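Q: Below you will find the structure I want to go over with you.
Number of protein chains: 2
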Amino acid sequence: MSKNEEAKNAGRRNFLRTSGVLGASGVLGATALAGCGSQNQDPPGTGSGTGTGTGSGTGGTPPETAPAGLNPHVEPGQLDEYYGFWSGGQSGEIRILGVPSMRELKRIPVFNRESATGHGATDWTKQVMGGMHVGDTHHVHLSYNDGTYDGRYIYVNDKANARLARVRCDVMEMDAMVEIPNSQGTHGIFPQRHRTGLVFCNSEFQIPTPNDGSVLDDPTQYYGLHTAVDGETMEVRWQVKVPGNMDLAATDYQGNYSFATCYNSERGVHLEEMMSAERDWLYVFNLAEIQRAVDAGQTIRIGSSPVPVVDATADTNPFVMRIPVAKSPHGVNIDPTGHYAVVAGKLSPTGTVVDITKIADAFAGRIEPRECVVAEPELGLGPLHTAFDGRGNAYTSIFIDSNITKWNIENAIRAHAGEQVEYIVNRCDVQYQVGHTNASMSETREADGRWLIALCKFSKDRFLNVGPHKPENDQLIDISGETMRLVHDGPTFSEPHDCVVVRADLIHPTSIQNREAARFRLYEQWAQEDGINLLEDSRIIRKGPQDVRIYMTSRAPNFALTEIPGIKTGDRVQIICTNQDDVEDLSHGFCLSRHDVCMVVNPRDTNSITFTAGAPGVYWYYCPWFCHALHLEMRGRFFVEPR
Amino acid sequence: MSKNEEAKNAGRRNFLRTSGVLGASGVLGATALAGCGSQNQDPPGTGSGTGTGTGSGTGGTPPETAPAGLNPHVEPGQLDEYYGFWSGGQSGEIRILGVPSMRELKRIPVFNRESATGHGATDWTKQVMGGMHVGDTHHVHLSYNDGTYDGRYIYVNDKANARLARVRCDVMEMDAMVEIPNSQGTHGIFPQRHRTGLVFCNSEFQIPTPNDGSVLDDPTQYYGLHTAVDGETMEVRWQVKVPGNMDLAATDYQGNYSFATCYNSERGVHLEEMMSAERDWLYVFNLAEIQRAVDAGQTIRIGSSPVPVVDATADTNPFVMRIPVAKSPHGVNIDPTGHYAVVAGKLSPTGTVVDITKIADAFAGRIEPRECVVAEPELGLGPLHTAFDGRGNAYTSIFIDSNITKWNIENAIRAHAGEQVEYIVNRCDVQYQVGHTNASMSETREADGRWLIALCKFSKDRFLNVGPHKPENDQLIDISGETMRLVHDGPTFSEPHDCVVVRADLIHPTSIQNREAARFRLYEQWAQEDGINLLEDSRIIRKGPQDVRIYMTSRAPNFALTEIPGIKTGDRVQIICTNQDDVEDLSHGFCLSRHDVCMVVNPRDTNSITFTAGAPGVYWYYCPWFCHALHLEMRGRFFVEPR
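Same order as they appear, the protein sequences are chains A and B. The letter at position 440 of the first sequence is residue 433 when you use this note's numbering, and the numbering goes up by one with no holes. The letter at position 177 of the second sequence is residue 170 when you use this note's numbering, and the numbering goes up by one with no holes.
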């Protein structure tokens, strides 16, 4: 047995141990390294992370005085260089962070009920969200054109309720949400990179198709679905039915393929069954073949869903190729040249490098799927995700070892071909148990190799103790030099899974609401019904015995109506409020005392909410946004009479 | 007219202008100063803030190289020196920030529905919150002992729905919530400082008493209530009925008085009426007299509320003294010696200093209430709140001028007595429109004069543009030296109003759930009914034709139950989940596909949620917290059969 094989097997035996294994080879000896140094070169303590997690400082030289590093400190009034778009995990939101300051610049509520903005309670959001208040977001990706971000849309998954949502980047608000039919556990998503086209969604959980109760405990009848959503219309175009649990998604740069890791090729429903095979699959979806089948009507339907489904459950079929890869693969990431797909073998200490240019030959039967694999670098215990610096290096997050491992792709390929060449460049300990990692512009052809984020699942002692429920730790690493330099620990609320870091010049939001999002069609329809100019008029209209619609403008420090009379207890009251101020950052809102009603109305925005009038009495409504020196006095009375 | 009077009147004429006024005196010339310099001494650009808001940097010397300043940078792995407890504004939550890093370490959901934790949907929170999902928090204060924080509780108001809530500091979760009867707009709150005693709550809005619809548009019958809640039991002890709108609250250090600013002594219901009087009031509540009346039954009842109410609506009464203070007062803050109450006159350029030691004489009729006023410093346009450094200086936030004005209390008193002495020390421009300000330990006798937070309501161009809805800007200022030094811009989500900054050694949270919070009594009661040991047992119990209760433990990477059979569509299902892991930061959770159900279960915690089983089919539940290398495989099947 070779030294490398020994190490690999040691790794496999021990991957469930919570501390790293000191393997025989240097490759697995990561936990013995102190901080982020070139392998076997830097003495302990010269890096900026310790891995000991005593919370008593980093040891070594502080980042400011390190030679040739980037400066992570953004002084007051200075702007960040990058927008970081973070998934908000189980919070159901998206977050915008500035990078490198790692300051949270915005929460964008998406799948969640949010008290300040009224998201999930306002009329349009309630309608789109179907009254649901839970989301489990993992992956945020922006729309592309020609291999880089076009600054138009952000897409985000909801694993909890099987949905995909979209945020408009001009106003940074959710503008569309779609349910992924026939599926559960919408997990990996990825948009096409050649233009705003399809967004692919992997269902992680296999279920009966249809899942109508006719099949319950018969896992042989469970399947997963790879779904294509139109990134412009947000309509579900087609689905591909496959066996196994799909995890992460990716796309090539040409629009030929989408990818999904399949970590449960065994189709087990219990943990031990899912782990039995030594290799699982990278699925490659042949988009042209799928579209051809859809166009030709060679599809099935599942249950009552109208979406055409391509059946790709046969071991061999023209739609999906199964490339055997390292055990229980998790992440699949495409390098910025578009040449390679890097798959991380969660339950193997290795990654798998797939040469995308060989896939056409494999689909054509000229080579075996496995012949697309050009490298299987040994990376560490629990490799999960890979980022790129645009200089030929890959950075893989290693969960059990708790580090980021930098390795050279071409060297890994040469080593796989039998050359004696070291592909591991160095490692950077992170604190602790890193999940995703991503680097500035890493998912584009413009990867610039400046900043890397390590999204650590455990923070433990890295911050002041805040009780049993602790923050995650999203760490910032300077990757501009040969040696990685940990420069910032960033606590985040439950539990961002992934982020993308986007050059600031690619995003162009407006400060005044442009009134172009879908919800304005709803307001305009009501206004037309009632002969109202939303930006000018205020009027109380009784629409029925128990229905009142109220249009009201606001301009700091006044609501156009300071009294709302004529309401009867039990009335269904709709408030449609428009902010006339066109001053940047001058938001108003509407909050009604003791009615559980609050919403924001941004500059030149309209928002609406419907509620039931409470018991008879006087109820003050007020502007909850500090808008003026007399903001506190900006209020009115809502009179509720007995019915 | 003296120069000072000229300046004051100029200020009053112009306070509604959005840019500062360049008054005749230096006192009002703040906007002409560049950055934070000693008045008329530092040349422009030597401070660390510019006030121009171009977003292009601060000019001047960066903080790192400034002489004798504190270092705001907390390196990776280092801990912050202070816990900052932030109100979460309309988000309804509390936030914990580390100071000086200004990193958000935790969100504590309080009045809001929160997707990740399940707050507002789990059984206990739903019961306590009455199904409401909106909160408008303004003020967070911790429980005290002997004039400093005892590290036990955090109290927070909800202005939207008139509530007070409490968070336990051992586990940093909400453990009690109480509705303030007969009132609307619960705004200022403050706990007693001599020991954990009463927490006082001001109702900002005047309403009919009772507010049952029998009185609607008759403002002469509207009143406010000053409410005392027992800080231990969270029961409402008594209320005092007064005219006018009350705003901020404070307490002395001895337990004799509570304070409330009253900005609408006119009792107007429209903006112009509220602004007509040149002076409004500081209310001083005589706690001994109020308690005597309550004990003697000299109280009234309002509506169906059982709470005893002391009627203090008469112009003169033994319960409440009205000290005339600068127009429309906003903040009232007690200096760390306990000697002075500083009231900021929102619509006057002045503050009012009240000597608390004279109040007993005024209550006794030996002096007039107005004789308690010992200084009326001219501070700037729109003074709002005041913090202290423990060295005799006060720092008042000036809304319209957008600065923090540092002034010396004793010098202001000497100037008021006729001495020619300058009391303004210097000013620091902030960006922009500052509301609250607070300093490290400022609300205790241990004020240490190190860090000051300026909670700015507008951020405008200080951060990358994130659309019409922008963050606030909570700025960090080093006040350790003579000159204030702005060192950090901190973006925050809508719209923190206030914060307190607490020395880290005073707070001692646990990392493993101690199972002492009120909600555990509920779980234990169910477990006892069903003969269950929560920490050990897993069982599916049908409680009725449509009711199922499920106890389930979890230990990474497994749920004790991987199948939940026997559920019928429409069943009311309760999941009571206990996390057996006692490993720090090892949270589990329970999320059920397509059921809008998600909750966290922290180490050794129990949590429970009730929902209705959906259409027949197989639904996967999973652990949404990344707990283990095999976390993704931690799941089970929930089988729903037709009824």
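We put the CB at the ideal spot given by N, CA and C, even for glycine. None of the values given here were measured: they were computed from a predicted structure.
Return the chain-ordered list of same chain residues with a C-beta closer than 7 Å to the C-beta of Met170 (chain A), the five sequence neighbours on each side being excluded.
A: Cβ contact annotation for Met170 (chain A) (same chain, cutoff 7 Å, sequence separation greater than five): Val121, Met122, Arg156, Ala158, in chain order.
Q: Going by DSSP, which residues form a beta bridge with Val613 (chain B)?
A: Rather than Val, the amino acid found at residue 613 (chain B) in this sequence is Trp. For Trp613 (chain B), DSSP records a beta bridge to B:Arg630.
Q: Considering only the alpha carbon of each residue, which of A:Cys421, A:Gln232, A:Met477, A:Gly442 lies closest to Glu172 (chain A)?
A: A:Gln232
Q: Shorter than 8 Å from the beta carbon of Val459 (chain B) to some beta carbon of chain A?
A: yes
Q: Taking the straight line between their C-alpha atoms, what separation do you get for Gly486 (chain B) and Arg106 (chain A)?
A: Contrary to the premise, residue 486 (chain B) reads as Phe rather than Gly in this sequence. In a straight line, the C-alpha of Phe486 (chain B) is about 15 Å away from that of Arg106 (chain A).
Q: Quick check on the burial criterion: 16 or more other C-beta atoms within 10 angstroms. Buried or exposed for Arg514 (chain B)?
A: exposed
Q: According to DSSP, simplified to helix, strand and coil, what is Asp116 (chain B)?
A: Residue state, collapsed to three classes: helix.
Q: For Ser504 (chain A), count neighbouring C-beta atoms within 10 Å of its own C-beta (all shown protein chains included) and say buried if the count is 16 or more, exposed if not.
A: By the neighbour-count rule (16 or more Cβ atoms within 10 Å), Ser504 (chain A) is buried.
Q: How close, in whole Å, do the beta carbons of Tyr142 (chain A) and His187 (chain A) come, if the pair is a contact with beta carbons under 8 Å?
A: Contact doesn't hold; Cβ gap of about 13 Å is too wide.
Q: Relative to the alpha-carbon of Glu415 (chain A), which residue among A:Lys399, A:Asp422, A:Val427, A:Glu68 has its alpha-carbon at the smallest distance?
A: A:Lys399
Q: Which residue's Cα is closest to the Cα of Ile525 (chain A): A:Glu509, A:Ile543, A:Ala510, A:Arg508?
A: Nearest C-alpha to Ile525 (chain A): A:Ile543.
Q: Checking the sheet assignment: what are the DSSP bridge partners for Cys591 (chain B)?
A: Cys591 (chain B) is bridged by DSSP to B:Cys584.
Q: Leaving out five residues on either side along the sequence, give the residues of the same chain with a beta carbon under 6 Å from the beta carbon of Thr343 (chain A).
A: Ala319, Glu369, Glu371
Q: Sort out for me which residues DSSP pairs His134 (chain B) with in a bridge.
A: Beta-bridge partners of His134 (chain B) (DSSP): B:Tyr148.
Q: Taking only three categories from DSSP, how would you classify Cys637 (chain A)?
A: Absent from the structure is residue 637 (chain A), since the part of chain A shown begins at -6 and ends at 636.
Q: Looking at the structure shown, is Thr546 (chain B) part of a helix, part of a strand, or coil, going by DSSP?
A: strand
Q: Quick one: is Lys561 (chain B) near chain A, going by C-beta distance under 8 Å?
A: no
Q: For Phe631 (chain B), go through chain A and note every residue whose CB falls closer than 7 Å to its CB, in chain order.
A: The contacting residues do not exist; Phe631 (chain B) stays about 10 Å from chain A at best.
Q: List, in order along the chain, the chain A residues whose C-beta lies closer than 7 Å to that of Leu479 (chain B)?
A: Against chain A, the beta carbon of Leu479 (chain B) has neighbours under 7 Å at Pro69, listed in chain order.
Q: Apart from the five residues just before and just after His263 (chain B), which ones in its own chain have a Cβ nearer than 7 Å to its Cβ?
A: none
Q: Kindly indicate which residue of B:Ala289, B:Phe381, B:Asn175 has the alpha-carbon position closest to the one of Gly296 (chain B).
A: B:Asn175
Q: So, helix, strand or coil for Cys620 (chain B), using DSSP?
A: coil
Q: Just by C-beta distance, which residues in the segment 389 to 406 of chain A are closer than 7 Å to chain B?
A: Within the segment 389 to 406 of chain A, the residues whose Cβ lies closer than 7 Å to some Cβ of chain B are Phe392, Ile393, listed in chain order.
Q: If the criterion is Cβ atoms closer than 8 Å, does the pair Cys449 (chain A) and Val127 (chain B) meet it?
A: no
Q: Consult DSSP for Gln567 (chain A) and reduce its assignment to one of helix, strand or coil.
A: Gln567 (chain A) falls in the strand class under three-state DSSP.
Q: Assuming Gly375 (chain B) and Pro329 (chain B) make a contact with CB atoms under 8 Å, what is their CB distance in whole Å?
A: The beta-carbon distance between Gly375 (chain B) and Pro329 (chain B), rounded to whole angstroms, is 25 Å. This is too long to meet the 8 Å contact definition.
Q: Kindly list the residues whose CB is nearer than 7 Å to the CB of Arg496 (chain A), restricted to its own chain and excluding five residues on each side of it in sequence; keep chain order.
A: Tyr75, Met434
Q: Nearest-angstrom Cα distance between Tyr612 (chain B) and Ala622 (chain B)?
A: 23 Å
Q: When you compare each of B:Ala387, B:Val427, B:Asn431 to Ile417 (chain B) by their alpha carbons, which one comes out closest?
A: Here the closest residue by C-alpha is B:Ala387.
Q: For Val577 (chain B), would you say it is in contact with chain A, using Cβ-to-Cβ distances shorter than 8 Å as the test?
A: One detail in the question is off: residue 577 (chain B) reads as Glu in this sequence, not Val. Yes, Glu577 (chain B) counts as interfacial toward chain A.
Q: Quick one: what's got a C-beta closer than 7 Å to Arg145 (chain B)'s C-beta in the same chain, skipping five residues either side?
A: Ser136, Cys162, Thr189
Q: DSSP puts Phe552 (chain A) in a beta bridge; with which residues?
A: A:Ser547
Q: Could you tell me whether any Cβ in chain B is nearer than 8 Å to the Cβ of Ser136 (chain A)?
A: no
Q: Whose C-beta lies closer than 7 Å to the C-beta of Glu259 (chain B) among residues of the same chain, with five residues either side of it excluded?
A: Glu266, Met267, Ser269, Ala270
Q: Within 10 Å of its beta-carbon, does Thr213 (chain B) have 16 or more other beta-carbons around it, so buried, or fewer, so exposed?
A: Under this definition Thr213 (chain B) is an exposed residue.
Q: Looking at C-alpha atoms only, which residue of B:Pro550, B:Gly261, B:Val459 is the closest neighbour of Phe78 (chain A)?
A: B:Val459
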